[in-house]
Each structure stands twice: as C-alpha cells, then as structure tokens.
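Visitor: Be aware that the sequence shown starts at 0, since it is given in numbering that gives the first Met the number 0, and climbs by one per residue. All C-beta atoms in this analysis are idealised placements derived from N, C-alpha and C, irrespective of residue type, glycine included.
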Amino acid sequence: MTTLQCGERECRAPQLTEKELEQKVKEAPLWELSPDRKSVSRTFVAKNFAEGLKFFNAVAQLAEEWNHHPDLHLTDYRTVRVVLSTHAIQGLSALDFSLAARIDKIDVAYSPKWLRENPLPSPV
C-alpha cells in the first residue's frame with residue numbers, strides 16, 4: 000500500500016513501481032500512459048466552448064482542493080486534455096491515479112458526434 004505524505008502546501012507520494020504502475024493503468028482504461036511512462040493523459044471533447052470551459056474549470060477546482068495540479072490544455076475551442084504526473088518525483092504516483100478516478104466522475108457534456116465515435120465504457 001502506498002502512503003501519501005500531505006503537508007500544508009503539497010501532497011507527495013512515492014513513485015509507483017513498475018508492477019504498481021501496470022496495475023494502476025489497467026484500473027484506468029480511459030487514461031493513456033505516456034511513452035516515457037512518467038504521465039497519464041485523457042482527452043475530453045465537450046459539445047461546445049462553454050461546456051469545455053466548464054469542465055476545464057471543474058478540473059482546476061478539484062486540483063486546487065487536492066493541491067495536486069495537472070497540466071490542462073483547452074484546444075479547438077472544446078477539447079480538454081488533462082495530463083497527470085507528480086512533478087516532485089518526475090513520474091507517476093498513486094495520487095495521480097486517485098485524481099484521475101475523481102476527474103472521471105466530473106460530469107461532462109460531451110460532443111454527441113465524438114461520443115458516438117468514442118463510446119465510454121459502461122460503469123461496472
């Protein structure tokens with residue numbers, strides 16, 4: 000079990016071992032592991048600019064609450080890409096995957112066309 004060490008200014012966790020990383024990636028099928036294995040990312044395509052910005056801001060608020068800040072990108076007026084890594088260890092920790100799971104629970108008004116082409120898995 001990984002122990003998180005949280006202080007007033009930041010929350011740190013040890014870097015995942017290769018075995019732990021493989022398990023976490025399996026548990027987060029919507030997130031893509033980077034080629035260097037130091038980050039995971041997911042792209043969300045909202046139905047319009049306002050919904051993309053709403054989701055972007057919801058992720059930002061959650062990141063502030065957790066004091067764990069992903070790289071956020073808003074492109075093509077409605078596409079939000081979230082990149083998670085633990086900057087302090089220059090790699091992935093359990094905290095990244097915990098935050099990913101929480102981000103997955105944020106309500107997104109997806110683009111209907113994008114959703115037809117990229118169906119989300121049914122909740123288990």
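Might you give, ordered along the chain, the residues of its own chain that have their beta carbon closer than 8 Å to the beta carbon of residue 0, omitting 5 neighbours on each side?
Guide: Legend: pLDDT at residue 0 = 41, less than 50; position of this residue unreliable, value from coordinates given subsequently. None.
Visitor: Tell me, please, which residues DSSP counts as bridged to residue 90.
Guide: Residue 90 pairs with 85.
Visitor: Going by the DSSP bridge assignment, what does residue 64 pair with across the sheet?
Guide: DSSP, once it has assigned bridges, lists no residue as partnering residue 64.
Visitor: On the DSSP bridge assignment, give the partners of residue 43 in chain order.
Guide: According to DSSP, residue 43 bridges with 79.
Visitor: From 63, 71, 37 and 38, pick the residue whose C-alpha is nearest to that of residue 52; which is it?
Guide: The option with the nearest alpha carbon to residue 52 is 71.
Visitor: Classify residue 160 as buried or exposed, calling it buried when 16 or more other Cβ atoms lie within 10 Å of its own Cβ.
Guide: This structure does not reach residue 160, given that the chain is present from 0 up to 123, and the question cannot be answered.
Visitor: Report the partner residues of residue 71 according to the DSSP bridge assignment.
Guide: Residue 71 is bridged to 81.
Visitor: Can the beta-carbon of residue 38 be found closer than 9 Å to that of residue 84?
Guide: Contact flag set, yes.
Visitor: Taking C-beta to C-beta, are residue 27 and residue 103 nearer than 9 Å?
Guide: Contact: yes.
Visitor: Taking the beta carbon of residue 99 as the centre, do at least 16 other beta carbons fall within 10 Å, making it buried, or is it exposed?
Guide: With 16 or more other Cβ atoms within 10 Å, it is buried.
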